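Q: My questions all concern the structure below.
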């Protein structure tokens, strides 16, 4: 715990100009594609044009004869792996699957699936060779939709896949990789006690994280095995581990340097290009750079799952929820591993429901393998549950916020995954909206208001940081966390606060895998919490060191020196009459007092507090065109303590904006052959500035006592409520319940024209 | 001091024959894991690799030195991943 009272914070909670701003707006930031290695070859991935096809053979002999082609690899160039799931349930890795996603072997399982790669002296040469690569495919029937993939007669992606989690185990293979179930209480009793029950089916579309920067990397593998990889990633230590495992290299030989990152949202945690570039470099003896096109980003990097869901909720007349049940069927893409477990765990988490059950299915289909996307899984199940709650509020004649407040999870509420909730914060987000002046603002014709809440676990885990006091008294903070959401600013603020020095004296950087200790990826809203703890720990070590250096100068015991306001001072008059020594003065005498002043800290951060968000929006529905205009959007989120409030507001606004796109426009559209029809930003429509109003981010601060400054993860939970909030607003405006995302104009028009589609 | 330990249903089905709840004597998480490994040899590896822990509702990564209070509730839950 920090011994500074929040009211006395000098830097934490302030809004200095963002340190990553100048290089980004002047175009000088080095993104993944910006690095040029001397002598680098152009790397090109050859991808399957088919959604599902057996690869009978690949003949590279003609392609290899093209002058300027230096290496060609296929799946056979990668070491194969045993078929086994390793690690925790949700993130269990099966390297037999992973190596096949990096490059297909027996079958291509989606359009865009990598089947070979070429390294050549330039793009034209690589393309000439690609045209000569002779790949013999046997095209197979495919399946895209999750319900169709679960049908008994569906084409099978894996002829030997037996569903896990069912006992006794099924005797026949299917596309269902896994079944999960979480439950508390007595569901039948709970529904018996209910006076009102709502029940509905919902569907969501697969959506991409839609980061603006495409995947890109450059690899140099030297003859002695030493290697450097430059890449756009959320977690360079994870990239190092994956390259080592997938190519057979040693972790100690690999140095991974993260570039500036142009968005990730979970989608830049997996590896796609890096092991390929490393193997091409190894084979050719030259550095290799690969950059995905936008088309490749959509077709070959992970979207989040689309889903088919059913939810049933029962309540007493006074609004007390007595039971809730849900079935969540998630597209995993071509290999198992959708975020359906998170969806099951988060679905009812904001509420105190004594009898509840979540059943999940992880289902493979001929789409790119699903990857994490901002609070993975939670927004999808929340669309169903929060829509159903809105229907329940209407049936009960209750205000939807009051219904949520009445049933709110509080510290001590038993969660569906077992333990009792340890942290508050949800009630405060609901109350913030009840008290928001705009919540009672009048609505016009064709306008409606919708409410929804969301839950996300947030993350902790392993982080490392080092701090150097430079000879002029400035401070450099290096951490292992890639900065996606402003962590350089928040790390510098926390270091400045702990050291008691001016923020302008502190610069924070992201260090590569050889320059700082192991750090988990930037994901799970973990960085400000966990890496922040490491930075504060390192700062405290620096303070101790500075006290010792002052003690050496004054020739007193270190116990006789205190650190206050960025200066060493005698602890009492008994110690002696010494003028305070500033950090700058102590830094100038570093050689005389013991050498460089530096400290490192590493943590495995626990005491994670979850994130809650409650949001409302006002929409106007054009009854002629079906277009939905977002008139107002208010998002309250418990952020613990906002270290840099502008970045926190930006996180909330960003999450809501992505949610608006997910709600109204974004979807993967496939043709009859299972080929993606809209692999580009012209046809895959993300919101632009004119689509969104100024989003009112309401920071609710319920500090986390486990963090030195009270921080909680803030990056993800904001994307959980928007889809349901907008659906509920549309229902309020039109009287029609939209149950399928995206709620695009044709669907709105169809709902308006369909008798019986009433909310 | 004694602690109540609970495993998830899926985890217990796989490794403890369905037994989900235990009472163990332990001062910290290392003690809990050790006690469960005595009951089910090899279980410590699965607990350490496959789970996150909630101690009195507060979620932690598995770390041996996590202290317990008398009567603590220790839930081992599946590891989670964020975006």
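Residue numbers (my numbering), protein chains in the order written: chain E, 1 to 759; chain B, 1 to 83. Each residue gets a CB set at the ideal place from its N, CA and C atoms; glycine is no exception. None of these values were measured; they are calculated from a predicted model.
Of all Cβ atoms in chain E, is any one closer than 9 Å to the Cβ of residue 70 (chain B)?
A: No, no contact with chain E.
Q: Using only the alpha-carbon positions, how far apart do residue 142 (chain E) and residue 365 (chain E) sit?
A: Near 8 Å, if we compare the C-alpha coordinates of residue 365 (chain E) and residue 142 (chain E).
Q: Below 8 Å on the Cβ atoms is my contact criterion, and I expect residue 362 (chain E) with residue 336 (chain E) to pass it. Report the Cβ-Cβ distance as a whole number of Å.
A: So it is a contact: roughly 6 Å between Cβ atoms.
Q: Below 8 Å, how does it come out for the stretch 74 to 85 of chain E and the stretch 93 to 100 of chain E: are there three or more Cβ pairs, yes or no?
A: In short, these stretches touch, since the Cβ pair count reaches three.
Q: Distance check for residue 707 (chain E) and residue 1 (chain E), CA to CA, integer angstroms please.
A: Low local confidence applies: a pLDDT of 46 at residue 1 (chain E) is under 50, so the model's placement there is unreliable, with the coordinate-based value given in what follows. Cα-Cα distance, rounded: 7 Å.
Q: For residue 716 (chain E), is the classification buried or exposed, using 16 other Cβ atoms within 10 angstroms of its Cβ as the cut-off for buried?
A: Its Cβ being crowded by 16 or more others within 10 Å, residue 716 (chain E) is buried.
Q: Please report the straight-line C-alpha distance between residue 257 (chain E) and residue 34 (chain B), rounded to a whole angstrom.
A: Going from the Cα of residue 257 (chain E) to the Cα of residue 34 (chain B) covers about 39 Å.
Q: When you compare only the Cα positions, how much space is there between residue 502 (chain E) and residue 468 (chain E)?
A: The alpha-carbon atoms of residue 502 (chain E) and residue 468 (chain E) are separated by roughly 15 Å.
Q: Where does the unbroken beta strand (DSSP E) through residue 309 (chain E) begin, and where does it stop?
A: Segment 307 to 315, the beta strand (DSSP E) holding residue 309 (chain E).
Q: Provide the residue(s) that pair with residue 76 (chain B) in DSSP beta bridges, ordered along the chain.
A: The partner list for residue 76 (chain B) (beta bridge, DSSP) reads B:7, B:53.
Q: Taking 8 Å as the limit between beta carbons, can you name the residues of its chain near residue 446 (chain E), skipping five residues before and five after?
A: Hits under 8 Å: 620, 621, 622, 623, 733, 734.
Q: Can you give me the Cβ contacts of residue 370 (chain E) inside the same chain, cut-off strictly under 8 Å, excluding the 5 residues immediately before and after it?
A: Excluding residues within five positions, the ones whose Cβ falls inside 8 Å are 206, 302, 303, 304, 305, 330, 331, 332, 333, 337, 338, 339.
Q: With a threshold of 16 other CB atoms inside 10 Å of the CB of residue 124 (chain E), please say whether the residue is buried or exposed.
A: Burial call: exposed.
Q: Using a cut-off of 7 Å between C-beta atoms, extract the partners of residue 299 (chain E) located in chain B.
A: Within chain B, no residue comes near residue 299 (chain E); the closest Cβ sits about 20 Å away, beyond 7 Å.
Q: Grab me the residues of residue 52 (chain B)'s own chain with a C-beta within less than 8 Å of its C-beta, minus the 5 sequence neighbours each way, in chain order.
A: Excluding positions up to five away in sequence, the list reads 59, 60, 61, 62, 76, 77, 78, 79, 80.
Q: If we cut at 9 Å on Cβ distances, does residue 24 (chain B) have a partner in chain E?
A: Not closer than 9 Å to any Cβ of chain E, the Cβ of residue 24 (chain B) fails to qualify, so no.
Q: So the alpha helix (DSSP H) residue 133 (chain E) belongs to, where does it begin and stop?
A: No alpha helix (DSSP H) holds residue 133 (chain E); DSSP gives it neither H nor E.
Q: Would residue 546 (chain E) be called buried (16 or more neighbouring beta carbons within 10 Å of its own) or exposed?
A: Answer is buried; the Cβ neighbour count reaches 16.
Q: Keeping to the same chain, check which residues put their C-beta closer than 6 Å to that of residue 164 (chain E); ignore five residues upstream and five downstream.
A: Closer than 6 Å at the Cβ level, and outside the excluded window around residue 164 (chain E), lie 178.
Q: On a Cα-Cα basis, can you pick out the residue from E:420, E:188, E:738, E:220 that is closest to residue 43 (chain E)?
A: Checked all of E:420, E:188, E:738, E:220; the closest Cα to residue 43 (chain E) is E:220.
Q: Would you say residue 352 (chain E) faces chain B, with C-beta separation under 9 Å as the test?
A: Cβ-Cβ to chain B under 9 Å: no for residue 352 (chain E).
Q: Short of 7 Å in beta carbon distance, which residues of its chain neighbour residue 610 (chain E), apart from the five on each side in sequence? Order them along the chain.
A: So the qualifying residues of the chain are 423, 455, 456, 457, 458.
Q: Helix, strand or coil, according to DSSP, for residue 668 (chain E) in the structure here?
A: Three-state DSSP puts residue 668 (chain E) in coil, outside helix and strand.
Q: Along chain B, in chain order, which residues have C-beta atoms closer than 8 Å to that of residue 421 (chain E)?
A: Within chain B, the residues near residue 421 (chain E) are 57.
Q: Apply the 10 Å Cβ neighbour rule to residue 30 (chain E) and answer buried if 16 or more other Cβ atoms are within range, or exposed otherwise.
A: Residue 30 (chain E) is exposed by the Cβ-count criterion.
Q: Any contact of the stretch 167 to 174 of chain E with the stretch 626 to 639 of chain E, i.e. 3+ C-beta pairs under 8 Å?
A: With the cut-off at 8 Å, the stretch 167 to 174 of chain E and the stretch 626 to 639 of chain E do not touch.
Q: Kindly list, in the order they appear in chain B, the residues whose Cβ is closer than 9 Å to that of residue 417 (chain E).
A: Going along chain B in sequence order, the residues near residue 417 (chain E) (Cβ under 9 Å) are 8, 54, 75, 77, 78.
Q: For residue 26 (chain B), which residues from the same chain have a beta carbon less than 7 Å from its beta carbon, with the 5 sequence-adjacent residues on both sides left out?
A: Excluding positions up to five away in sequence, the list reads 3, 32, 35, 68.
Q: Please list the terminal residues of the continuous alpha helix (DSSP H) segment that includes residue 346 (chain E).
A: Residue 346 (chain E) -> alpha helix (DSSP H) spans 340 to 346.
Q: What residue from E:596, E:269, E:737, E:648 has the CA that sits closest to residue 376 (chain E)'s CA?
A: Of the listed residues, the one whose Cα sits closest to residue 376 (chain E) is E:269.
Q: What does the alpha-carbon distance come out to for the pair residue 278 (chain E) and residue 228 (chain E)?
A: Cα to Cα, residue 278 (chain E) sits roughly 9 Å from residue 228 (chain E).
Q: Please report how far the alpha carbon of residue 133 (chain E) lies from the alpha carbon of residue 25 (chain E), in whole angstroms.
A: When rounded, the distance between both Cα atoms is 42 Å.
Q: Over what stretch of residues does the beta strand (DSSP E) that includes residue 425 (chain E) continue unbroken?
A: Counting along the chain, residue 425 (chain E) falls outside any beta strand (DSSP E), and DSSP gives it neither H nor E.
Q: At a Cβ cut of 9 Å, what residues of the stretch 605 to 616 of chain E count as close to chain B, listed as they run along the chain?
A: Result list: 605, 606, 607, 608, 609, 610.
Q: Please check if any C-beta of chain E sits within less than 9 Å of the C-beta of residue 13 (chain B).
A: Residue 13 (chain B) counts as touching chain E.
Q: Identify every residue that forms a DSSP beta bridge with residue 329 (chain E).
A: Answer is E:308, E:361.
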